[in-house]
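In the numbering used here, the protein residues as written are 1423 to 1617.
Step one of this worksheet: look at the structure below.
Set out below in structure tokens:
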């Protein structure tokens, strides 16, 4: 691992640990910041993001950590900021913007992680694109299921399905974000081949 990547990894871990500690302290009522939703959800989500990222880094060599880790950290902090600063309830379509944006970022991270296998000359670009979109969509489906279960089991009321179209629209924005980044990648690969 390069020296710059080691520094980026240290910075990523520090940001995640500080965020998780902050969320934990709020969850156990040592700190008293308010949210639109719940500290349980943020804590679970951010722990999973950190653990999955660590597993991928440990098992997959050749990932551009200087690019991927800031993307993951930015996505995580945008989500937490939306909840902490009540942007989900104050800013029209903040939730939809984040679903699109973070889905595009996740699709790009998946591409960076799997590009050695997916984008070799002997693999079909369409199949590679479908795989990237499918993996990104799977993450979002699990996210939506967790939101529903949190509302059902912890909050004891549905907070995220105000008009019952929220989940469907979230998943649509997730899909469109994944498709958006894959289209950009396909164009870039086509241009690279022509050079």
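Beta carbons are placed, not taken as given, at the ideal position from N, Cα and C, and that holds for glycine.
Predicted model, so just to flag it, every value in this text is computed and none were measured.
Let me know the secondary structure DSSP gives residue i once reduced to three states.
i	result
residue 1605	helix
residue 1563	helix
residue 1515	coil
residue 1484	coil
residue 1611	helix
residue 1546	coil
residue 1453	coil
residue 1521	helix
residue 1458	coil
Report back the beta-carbon spacing between residue i and residue j to the nearest angstrom; my notes put them in contact at under 8 Å.
i	j	result
residue 1437	residue 1495	5 Å
residue 1529	residue 1555	7 Å
residue 1548	residue 1603	Incorrect: roughly 15 Å between the Cβ atoms, too far for contact.
residue 1461	residue 1449	4 Å
residue 1596	residue 1559	6 Å
residue 1562	residue 1593	6 Å
Tell me where the alpha helix (DSSP H) around residue i begins and ends.
i	result
residue 1475	1461 to 1481
residue 1436	1425 to 1449
Could you name the residues of the same chain whose beta carbon sits closer than 8 Å to that of residue i, not counting the 5 residues immediately before and after it, in chain order?
i	result
residue 1441	1468, 1498, 1499, 1502
residue 1617	The pLDDT assigned to residue 1617 is 40, lower than 50, so where the model puts this residue is not dependable, and the model offers no usable value.
residue 1485	1478, 1479, 1534, 1535
Among the residues of its own chain, which have a CB less than 6 Å from the CB of residue i, if the five just before and after it don't count?
i	result
residue 1463	1572
Once you ignore the five residues that flank residue i on each side, which residues in its own chain have a CB closer than 7 Å to its CB?
i	result
residue 1491	1430, 1431, 1434
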